[in-house]
Amino acid sequence: MAETLDEIPDVEIDQDGVFKYILVQVHDDNKKQSKPIVRGYARSIWHADIYEEINKELKKYGPGLDTECVGGGRINHNSAKQAIKVYGYSQGFGKADHQVSVGLLKQKYPNYVITWSDDGY
106 MAETLDEIPD VEIDQDGVFK YILVQVHDDN KKQSKPIVRG YARSIWHADI YEEINKELKK
166 YGPGLDTECV GGGRINHNSA KQAIKVYGYS QGFGKADHQV SVGLLKQKYP NYVITWSDDG
226 Y
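So this is what it looks like as structure tokens:
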């Protein structure tokens, strides 16, 4: 199962814009191993829409994966300025641990300036 977790991208967000995002913990069946992932899409009206999309996405990795949304917020992604700001919260899932989200984003976008704040919705 560890190989399966490694195959799942840590971060998938839209290239530009302000949009909702969620932080999800992906577990194996026995919950002995897990990893956090970040997903954010402008096409999603609600944080729950993103969560549904993740659950559909993970089916391609086969059975045995379980997910837990641990919170959400918003992302302001400006690729021209190589800047990402993470902030806010999800009314349905609560506030994500933005420090965890930023850590994952920094791995995918090492040349970006990435900041976070608890301000805003």
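Residue 226, in the working numbering, is where the sequence shown stops; the numbers in between run on with no holes. Heads up, the beta-carbon is just placed ideally off N, CA and C, and yes, glycines get one too.
Residue from the options with nearest C-alpha to residue i
i	options	result
Tyr-194	Glu-157, Asp-224, Asn-183 and Glu-112	Asp-224
Ala-188	Leu-163, Tyr-214 and Gly-199	Tyr-214
Lys-186	Gly-177, Ile-180, Ile-127 and Val-218	Val-218
As assigned by DSSP and simplified to three states, the class of residue i
i	result
Ser-139	strand
Gln-204	helix
Lys-164	helix
Tyr-217	coil
Ile-159	helix
Asp-134	coil
Ala-153	helix
Lys-186	coil
Asp-111	helix
Short Cβ contact (8 Å threshold) for residue i with residue j
i	j	result
Asn-183	Asp-121	yes
Pro-114	Val-205	no
Leu-170	Gln-138	no
Val-175	Val-129	yes
Lys-200	Gly-167	no
Val-123	Asn-181	yes
Ile-127	Ile-155	yes
Exposure of residue i, with buried meaning 16 or more beta-carbon neighbours within 10 Å
i	result
Gly-197	exposed
Ile-150	exposed
Arg-148	exposed
Lys-125	buried
Thr-220	exposed
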